[in-house]
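Take a look at the structure set out below.
Numbering (our numbering), first residue to last: 60 to 335.
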């Protein structure tokens, strides 16, 4: 268990969307939160209601992550690091060029690895701490249309669980790594995807609000667990399909139909009153 208010918390990709919601929820729960983002001006503005503590951070920069961890540690110790920064590309893998594939892996997988290892360099020394990685359900199953994104999230899940095992083998009992795997979240990442056939998988289940996911992140910060899906039933569903790849691939036409219906449903929900 990681008690609330124990030292400082770092959230990456916190200028908007889920990252900002997580920072707000942690602040309300008593954490001193350092908001970080590639967009320095946006994250500075986002941090104002939560004490104004912010810093620019490109998670692809290993040394910059180390500096952020050291900065956070100076304010009562680094209790929590949330790897939230991520990017989404959709469409068949063969439509993405090498730089695009590399960028997705650099941010979603290697960037989160950089953050995790920077945080652990502090946490192992102080004897406690918690790294919380926002993975997505795409880390539990290969999402059609989001292949490169899903590959990056699979890599992050494997890295997280393997690192947690490494910590335990090395005798660290109070240093934790958790993975939160939410369904599709209605954030700017999906706002322009309502007509995107490559994003259908993100609309096949429960479209979550950032606030709901942030509330679950706070609970997970208090009570670490290796993997948590949100909602739980979707985690069970995709894990079952992952064990039956032939069935999962055979259901692709159904996934397309359900996803398109989800996009249309979300379009109606998002339409201004009197429109749609």
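Beta carbons: idealized from backbone N, C-alpha and C, even for Gly. Computed from a predicted structure; not experimentally measured.
Between residue i and the rest of its own chain, which residues show a CB-CB distance below 8 angstroms, the 5 nearest in sequence each way excluded?
{"i": "residue 206", "result": "151, 152"}
{"i": "residue 330", "result": "none"}
{"i": "residue 173", "result": "118, 119, 120, 121, 124"}
{"i": "residue 198", "result": "209, 212, 213, 215, 216, 238, 240"}
{"i": "residue 306", "result": "300"}
If we ignore side chains and look at the alpha-carbon of each, how far apart do residue i and residue j end up?
{"i": "residue 249", "j": "residue 148", "result": "11 angstroms"}
{"i": "residue 132", "j": "residue 181", "result": "7 angstroms"}
{"i": "residue 127", "j": "residue 114", "result": "8 angstroms"}
{"i": "residue 78", "j": "residue 279", "result": "15 angstroms"}
{"i": "residue 292", "j": "residue 156", "result": "35 angstroms"}
{"i": "residue 311", "j": "residue 230", "result": "44 angstroms"}
{"i": "residue 317", "j": "residue 101", "result": "35 angstroms"}
{"i": "residue 92", "j": "residue 85", "result": "7 angstroms"}
{"i": "residue 52", "j": "residue 80", "result": "In the structure as shown, the chain begins at 60 and stops at 335. Residue 52 is therefore absent and cannot be evaluated."}
{"i": "residue 98", "j": "residue 116", "result": "8 angstroms"}
{"i": "residue 265", "j": "residue 290", "result": "8 angstroms"}
{"i": "residue 96", "j": "residue 175", "result": "16 angstroms"}
{"i": "residue 111", "j": "residue 94", "result": "9 angstroms"}
{"i": "residue 53", "j": "residue 196", "result": "Residue 53 lies beyond the residue range present for the chain, which begins at 60 and ends at 335; the question has no answer from this structure."}
{"i": "residue 267", "j": "residue 154", "result": "29 angstroms"}
Within this structure, are the beta carbons of residue i and residue j separated by less than 8 angstroms?
{"i": "residue 68", "j": "residue 109", "result": "no"}
{"i": "residue 260", "j": "residue 314", "result": "yes"}
{"i": "residue 105", "j": "residue 74", "result": "yes"}
{"i": "residue 141", "j": "residue 71", "result": "yes"}
{"i": "residue 200", "j": "residue 297", "result": "yes"}
{"i": "residue 6", "j": "residue 243", "result": "With the chain covering only 60 through 335, there is no way to say anything about residue 6."}
{"i": "residue 66", "j": "residue 137", "result": "yes"}
{"i": "residue 283", "j": "residue 235", "result": "yes"}
Here's a check: name, in chain order, each residue in its chain whose Cβ is nearer than 6 angstroms to the Cβ of residue i, leaving out the five neighbours to either side.
{"i": "residue 288", "result": "240, 294"}
{"i": "residue 168", "result": "211, 214, 215"}
{"i": "residue 139", "result": "68, 189, 280"}
{"i": "residue 246", "result": "76, 77, 269"}
{"i": "residue 204", "result": "149, 257, 259, 260"}
{"i": "residue 177", "result": "124, 125, 128"}
{"i": "residue 165", "result": "119"}
{"i": "residue 271", "result": "none"}
With a threshold of 7 angstroms on Cβ separation, who are the neighbours of residue i within its own chain once the five nearest residues in sequence on each side are excluded?
{"i": "residue 186", "result": "233"}
{"i": "residue 163", "result": "146, 148, 207, 208, 211"}
{"i": "residue 253", "result": "322, 325, 326"}
{"i": "residue 285", "result": "220, 223, 237, 238"}
{"i": "residue 170", "result": "118, 119, 144"}
{"i": "residue 103", "result": "113"}
Checking the sheet assignment: what are the DSSP bridge partners for residue i?
{"i": "residue 244", "result": "267"}
{"i": "residue 140", "result": "69, 190"}
{"i": "residue 95", "result": "114"}
{"i": "residue 235", "result": "189"}
{"i": "residue 289", "result": "241"}
Check your understanding: Quick one: complete alpha helix (DSSP H) runs, 4+ long, within the stretch 183 to 226?
Key -> none
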